[in-house]
Amino acid sequence: MSRRIHPAVVGAQPFQLTARETFDGPIFETEEGRRRLEAALSRYPTKQAALLPMLGFVQSVKGWIEPEDMVEVAEALDLTPAYVHSVATFYTMYNKHPVGRHFVQVCTNISCHLNRAEEVLRSFLAETGTREGETSEDGEFTVIEAECLGACGFATVVQVNDRYLENVTPDGVPEIVAKLRGARDGAAAGGPAAEGDA
């Protein structure tokens, strides 16, 4: 993680990486952590305003945000742990429990529902050998139902980590899962280009 990141895009970095790093100590005591914190603080008028990007950074590194991380973020931004906890638990985009290397969210809202979303969800669960919300034994997959992913014109939509897959059908799920199983060493998650994917 040694890329230079312009402060203007500090909050738009990958939501989750397929290759996560393990930190023995505090994230913001690493060179990358300090650099990301400084970049965020240079972009926003107050430290509090950098909270969402810093929670996103922690999640991009670890895959989830545990209570100790919330305390560390609070200390870095001069906030109370209770405040950071209230924000982290309010937003569903932050994982408060460990998830698989590939976090699969299947939209089942009205447009997707009308385009066989329930079948797509069942197909992902069958292909990954999981039940909804649990992580596969190999640590590769967590599959959940999402209320809306905001891409109704491309139903059924599936989000894998930070990538959207459009027009997913139950028959296409085995190929997606197979390609995800082959994605290693930081390779982009998401599987094959779906119909309509640019």
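In the working numbering, the protein residues as written are 18 to 215. Ideal Cβ placement from N, Cα and C applies to all residues, glycine included.
Asked	Found
Euclidean distance between Cα positions of Asp188 and Ala93	47 Å
Host alpha helix (DSSP H) of Arg53 (start-end)	48 to 60
Other residues of its chain near Leu96: CB distance less than 8 Å, five sequence neighbours each side excluded	Lys64, Gln65, Leu68, Val90
Ile193 (DSSP reduced to helix, strand or coil)	helix
Backbone secondary structure at Ala163 - three-state DSSP	strand
Nonlocal neighbours in the same chain, by C-beta distance under 6 Å from Arg21, ignoring five residues either side	With a pLDDT of only 41 at Arg21, under 50, the local geometry of the prediction cannot be trusted, and the value read off the model is given with reservation. Hits under 6 Å: none found.
Counterpart residues of Tyr181 in DSSP-defined beta bridges	Gln176
Proximity below 8 Å, CB of Leu142 to CB of Glu149	yes
Touch test, the stretch 77 to 88 against the stretch 122 to 129, Cβ-Cβ under 8 Å, three pairs minimum	no
Where the beta strand (DSSP E) through Gln122 begins and ends	119 to 124
Best match in Glu55, Gly117, Ala56 for proximity to Phe158 [C-alpha to C-alpha]	Gly117
Neighbour-count burial assignment, Met71, 16 or more Cβ in a 10 Å radius	buried
Range of the contiguous alpha helix (DSSP H) that encloses Lys79	68 to 79
Cut-off 6 Å between Cβ atoms - residues of its own chain near Arg53, not counting five sequence neighbours on either side	Phe74
Where Thr147 falls: helix, strand or coil (DSSP)	coil
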